[in-house]
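Going by this note's numbering, the residue at position 89 of the sequence shown is 79; the numbering climbs one at a time, nothing skipped. Cβ coordinates follow ideal geometry from the N, Cα and C atoms, glycine included.
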Amino acid sequence: MSDTTFEEAKRCPKCDMPGDDKSVTTVTKGRRKVKVHTIYCRNSECKWYNTSWLVQVNEDGSIPQAYQQIGPKQFPKLSAESETRIQESIEAQLAAETKPGSEVRNPFSR
-9 MSDTTFEEAK RCPKCDMPGD DKSVTTVTKG RRKVKVHTIY CRNSECKWYN
41 TSWLVQVNED GSIPQAYQQI GPKQFPKLSA ESETRIQESI EAQLAAETKP
91 GSEVRNPFSR
């Protein structure tokens, strides 16, 4: 379902100014190929200045409506056991970080 043109899709989601099309990549989705344009906002007054977004153009030239993340979460709910384990880990980390006279070192630093 397409209800937008490429010129509309190129407009910045924040300031509504036309963006700069910097690159095009062809992606295979099943049996069809789509072009994905990387667009950058060039309005220095905009919060999204120099931020990119993607615009998909189908083989027939149509542009699908942008996905809005307003539906239900799309990942499985954690088990009660996992939730308990995570909560205990967070509490242990907090206790280690706030214990007077202790220092928590980064195990990945040298």
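Around the C-beta of residue i, are 16 or more other C-beta atoms found within 10 angstroms, so that it is buried, or is it exposed?
i: residue 20; result: exposed
i: residue 91; result: exposed
i: residue 9; result: buried
Can you round the beta-carbon distance between residue i and residue j to whole angstroms, since I take them to be within the 8 Å contact cut?
i: residue 46; j: residue 26; result: 6 Å
i: residue 12; j: residue 39; result: In fact, because the Cβ distance is near 14 Å, the residues do not count as touching under 8 Å.
Note down, in chain order, each residue of its chain lying with its Cβ closer than 6 Å to the Cβ of residue i, except the 5 sequence neighbours on either side.
i: residue 7; result: 33
i: residue 41; result: 31
So, at 7 Å on beta carbons, what are the nonlocal neighbours of residue i in its own chain, with the 5 sequence-adjacent residues on each side left out?
i: residue -1; result: 45 and 53
i: residue 87; result: 94
Less than 8 Å between the beta carbons of residue i and residue j, yes or no?
i: residue 24; j: residue 49; result: yes
My output table needs one value for residue i: the three-state DSSP class, helix, strand or coil.
i: residue 99; result: coil
Going along the chain, which residues of its own chain have a beta-carbon closer than 8 Å to the beta-carbon of residue i, five neighbours each way excluded?
i: residue 1; result: 7, 8 and 9
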